[in-house]
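> Keeping their order, the protein sequence lines are chains A and B. According to our numbering, the first sequence is numbered sequentially starting from 1. According to our numbering, the second sequence is numbered sequentially starting from 1001.
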Amino acid sequence: MSLLQIQNVSKRFGGLAALTDVSYSVQKGEILGLIGPNGAGKTTLFNVVNGFYPPTKGEVLFKGESISHLQPFQICKRGVGRTFQVVRPLQRMTALDNVIASAFLRAKDKPGAEGIALDALQFTGLYEDRSLVSKGLPLGKRKKLEIARALATQPEMLLLDESFAGLNPFEQNELIDIIRKVKAKGITIMIIEHHMKVIMSLSDRVVVLNYGEKIAEGTPKEIGNNPLVIEAYLGEAESA
Amino acid sequence: MKRFLPLIILAILFILPLVGLSSYIMHILILVTMWSIIGMAWNLLGGYCGQVSFGHAAFFGMGAYTAGLLYYHLGLSAWWGLLVCIPVLGVFSLVIGFICLRLRGPYFALATLALGEVLRVTAENLVKFTQGDLGILIKQRTWVEKTWYFYVILLLAAGSFFLIKKVIESKLGYYFVAIREDQDAANSLGINTTLYKTIALCLSGVLTGVAGAFYMNYMGYIDPTTVFPLYDISIVTVMVVMVGGVATYWGPVIGALIMVFLAEVIRSVPKIGAAHQTLFGILLIFIIIFLPNGIVGDFRKMVGLFKPRGALK
Chain A
1 MSLLQIQNVS KRFGGLAALT DVSYSVQKGE ILGLIGPNGA GKTTLFNVVN GFYPPTKGEV
61 LFKGESISHL QPFQICKRGV GRTFQVVRPL QRMTALDNVI ASAFLRAKDK PGAEGIALDA
121 LQFTGLYEDR SLVSKGLPLG KRKKLEIARA LATQPEMLLL DESFAGLNPF EQNELIDIIR
181 KVKAKGITIM IIEHHMKVIM SLSDRVVVLN YGEKIAEGTP KEIGNNPLVI EAYLGEAESA
Chain B
1001 MKRFLPLIIL AILFILPLVG LSSYIMHILI LVTMWSIIGM AWNLLGGYCG QVSFGHAAFF
1061 GMGAYTAGLL YYHLGLSAWW GLLVCIPVLG VFSLVIGFIC LRLRGPYFAL ATLALGEVLR
1121 VTAENLVKFT QGDLGILIKQ RTWVEKTWYF YVILLLAAGS FFLIKKVIES KLGYYFVAIR
1181 EDQDAANSLG INTTLYKTIA LCLSGVLTGV AGAFYMNYMG YIDPTTVFPL YDISIVTVMV
1241 VMVGGVATYW GPVIGALIMV FLAEVIRSVP KIGAAHQTLF GILLIFIIIF LPNGIVGDFR
1301 KMVGLFKPRG ALK
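Okay, structure coming up:
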């Protein structure tokens, strides 16, 4: 059964159509890659799923129930966690406090929250850095902290928005391992990524957006050979 | 040692009146303690939850008028105001929160700024209900001596201190700081930002109101310009916390101490005295530039500022 269904979602900002009639679904347990050129509407789609924007038309269903008009915190409570493209750690808090703040969603008391938080930090390899103020962490660790924080809300589904941007190859490999481990825990993942090597090696399926419309959907291999996708990324054949 | 510091300080303050201080010094101590409560209350909302208010006079004045009107209309002792102002300010804060907390950052600050002024003008004009500019006078204050007033406000301050400490160390505290640092991120981490901002506002409003109700009892007289003013209450509240240290437990206490003493000292200087607000303004600029986290928050840095610096360091 599909965990998340996006049904004919359109989002307009005044006269600008950021998303037009996008439909697809995410199956339980898979990693779905969402790709597309800059400005294709990927982050807008995340914001619609996450509840920051209500869709202008269409609906988002999570476990068969509509979540289109819920607030982000309600959607998070139902089991959808997310990270941000531009990392947004709670700057003047330590790494541990950052994660504790989100762990309180499921924990009854502070020791409980701390337990969940420490697990999440261990899971993402940040345990040693737990008492550092998150403002001072390097980008790679802040990206991991975002994931730890989202994991501490114990989601069934995780939305990762360009978690790999700006990382060096070593950090990228670490993060790939972490994401595979997240998948092994049974958490469904939808990931936006520009880095083709990462998306092709991680994703079970890929959806391609261009100018707010879905132009392709399929396995990484199918996508790599799809002429529409090649055109969107490299321009038309004759003009090349 | 550090754990017992609040208790030790409380004990020292408790025996302080017994050494026979002059009535003027007692007055200053009472004002310092009252201002620490207002500062702590503001700090909860502005320092921890990040919702900067320029209208805490609204809550202070509401508390003072709650006590005053109980006395004036119902003939009850104004001390009941300390209790009655809790539900009154709670409901008032809920209404204000519903209206203002949908605004963010500077817009919230501006809305609260207007709020204080609106209440002042209202209190001035509802002559039948509030006596307008005539104010409310308690004909006979409870005690002539200041000692008991000091104990009452000290108890209230200690209560506020421990309440706030408890709140900040709990889930609420984490949520408040998360909201301060990034409201959208907090929202997507499952934090109902509107709800928790409203809780912060209610706690802050009620504590400020309690201080206001005490003020009515202590001074025995209030009018709209003494309890709802923008400069003397709202702005000074912000300064108490900024000077002392934003988002620290002791900041508001230290800030209140400095601000009250400074106001008294400056006022007693001939000619310059009238310009105490100018000097406060200069002090605020100095603090924001050199000690953005206040005296408690930037204590190490402050010590460094006054040390002679070596060329190589």
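All C-beta atoms, glycine included, are put in the ideal place defined by N, C-alpha and C.
Can you list the alpha helix (DSSP H) stretches of 4 or more residues lying completely in the stretch 1225-1267 of chain B, in chain order?
Here the runs fully enclosed are 1236-1244.
> Using only alpha-carbon positions, find the residue among 1285/B, 1142/B, 1084/B that is nearest to residue 1066/B.
The option with the nearest alpha carbon to residue 1066/B is 1084/B.
> Over what stretch of residues does the alpha helix (DSSP H) that includes residue 61/A continue unbroken?
Element bounds for residue 61/A: not the alpha helix (DSSP H) but the beta strand (DSSP E), 57-62.
> With residue 27/A and residue 3/A assumed to form a contact (beta carbons below 8 Å), what rounded beta-carbon distance in angstroms separates them?
About 7 Å; that satisfies the 8 Å criterion.
> Starting from the C-beta of residue 1153/B, find all residues in its chain whose C-beta is less than 7 Å away, skip the five residues before and the five after it, and write them out in chain order.
So the list reads 1030, 1033, 1034, 1214, once near-sequence residues are dropped.
> DSSP on residue 226/A, reduced to helix/strand/coil?
Coil, per DSSP.
> Applying the 10 Å Cβ sphere with the 16-neighbour rule, what's the burial state of residue 69/A?
The residue is exposed, with fewer than 16 neighbouring Cβ atoms inside 10 Å.
> When the Cα atoms are used, what is the spatial distance from residue 1225/B to residue 1058/B?
Between residue 1225/B and residue 1058/B, the C-alpha separation is close to 11 Å.
> For a cutoff of 7 Å on Cβ pairs, would you count residue 94/A as touching chain B?
No, residue 94/A does not count as interfacial toward chain B.
> Please list the partners that residue 220/A has in chain B, where partner means a Cβ-to-Cβ separation under 7 Å.
Those within 7 Å of residue 220/A in chain B number zero; the least Cβ separation is about 28 Å.
> Residue 254/A lies in the beta strand (DSSP E); which residues open and close that run?
Residue 254/A cannot be examined here, being either before or after the span of chain A that is shown, 1 to 240.
> With 7 Å as the threshold, decide whether the Cβ of residue 1294/B is near any Cβ in chain A.
It does not; no Cβ of chain A falls within 7 Å.
> Exposed or buried, residue 219/A, counting other C-beta atoms within 10 Å across all chains shown (16 or more means buried)?
That one is exposed.
> Any contact between the stretch 123-132 of chain A and the stretch 175-183 of chain A? By contact I mean 3 or more CB pairs, one from each, below 8 Å.
Because the criterion of three Cβ pairs below 8 Å is met, the stretch 123-132 of chain A and the stretch 175-183 of chain A touch.
> Does the distance between the C-beta of residue 1255/B and the nearest non-hydrogen atom of the ligand FAD fall short of 6 Å?
Looking at this structure, you won't find the ligand FAD or any other ligand, since it has none at all.
> Does residue 184/A get closer than 7 Å to chain B when you measure Cβ to Cβ?
No - not a single Cβ of chain B is within 7 Å of the one on residue 184/A.
> Can you check which of these residues, 56/A, 31/A, 159/A, is closest to residue 21/A by C-alpha distance?
Nearest of 56/A, 31/A, 159/A to residue 21/A, Cα basis: 56/A.
> Considering residue 1040/B, what are the terminal residues of the beta strand (DSSP E) in which it resides?
Note, residue 1040/B: premise wrong, no beta strand (DSSP E); alpha helix (DSSP H) at 1023-1042.
> Should residue 1178/B be flagged as near chain A, meaning a C-beta pair shorter than 7 Å?
It does: the Cβ of residue 1178/B has a partner Cβ on chain A nearer than 7 Å.
> Take residue 141/A and list the residues in its own chain whose beta-carbon comes closer than 7 Å to its own, dropping the five residues that flank it on each side.
Correct list, in chain order: 126, 129.
> In whole angstroms, what is the alpha-carbon distance linking residue 1381/B and residue 1056/B?
Nothing about residue 1381/B can be reported from this structure: the residues present for chain B run from 1001 to 1313 only.
> Would you tell me roughly how many angstroms separate the C-alpha atoms of residue 195/A and residue 1186/B, rounded to the nearest one?
Roughly 28 Å separates the two Cα atoms.
> If you follow the beta strand (DSSP E) that residue 1065/B is part of, which residue opens it and which one closes it?
Here residue 1065/B belongs to no beta strand (DSSP E); instead the alpha helix (DSSP H) covers 1056-1074.
> If I measure Cβ to Cβ from residue 1193/B and keep anything under 6 Å in the same chain, skipping five residues before and after, which residues do I get?
Within the same chain, residue 1193/B has close Cβ partners 1179, 1183, 1186, 1187.
> Less than 7 Å separating the beta-carbons of residue 1078/B and residue 1216/B?
Yes; because the gap between Cβ atoms is below 7 Å, this pair is in contact.
> Report the rounded CA-to-CA distance for residue 133/A versus residue 92/A, giving the unit in angstroms.
Residue 133/A and residue 92/A: Cα-Cα distance of roughly 6 Å.
> Hey, which unbroken runs of the alpha helix (DSSP H) at 4 residues or more fall wholly within the stretch 3-58 of chain A?
Segments of the alpha helix (DSSP H) lying fully in the stretch 3-58 of chain A: 42-50.
> Please identify the residue among 112/A, 64/A, 50/A, 83/A whose C-alpha is closest to the C-alpha of residue 1170/B.
When only C-alpha atoms are compared, the closest one is 112/A.
> Could you name the residues of chain B that residue 118/A contacts, counting a contact when the two beta carbons are closer than 8 Å?
Residues of chain B passing the Cβ test: none, with the nearest at roughly 15 Å.
> With distance defined between alpha-carbon atoms, name the residue in 1145/B, 1088/B, 1263/B nearest to residue 1023/B.
Ranking 1145/B, 1088/B, 1263/B by Cα distance to residue 1023/B puts 1145/B first.
> Find out if the Cβ-Cβ distance for the pair residue 207/A, residue 34/A is shorter than 7 Å.
The answer is yes: Cβ separation under 7 Å.
> Could you have a look at residue 1269/B and say whether DSSP puts it in helix, strand or coil?
If DSSP states are grouped into helix, strand and coil, residue 1269/B belongs with coil.
> State the beta-bridge partners of residue 82/A as determined by DSSP.
Paired residues: 159/A.
> How is the beta strand (DSSP E) around residue 209/A delimited, first residue to last?
Note, residue 209/A: beta strand (DSSP E), 205-210.
> Beta-carbon of residue 101/A versus every beta-carbon of chain B: anything under 7 Å?
Residue 101/A counts as touching chain B.
> Report yes or no: do the stretch 160-168 of chain A and the stretch 99-117 of chain A share at least 3 C-beta pairs separated by less than 8 Å?
No: the two stretches stay apart, fewer than three of their Cβ pairs being nearer than 8 Å.
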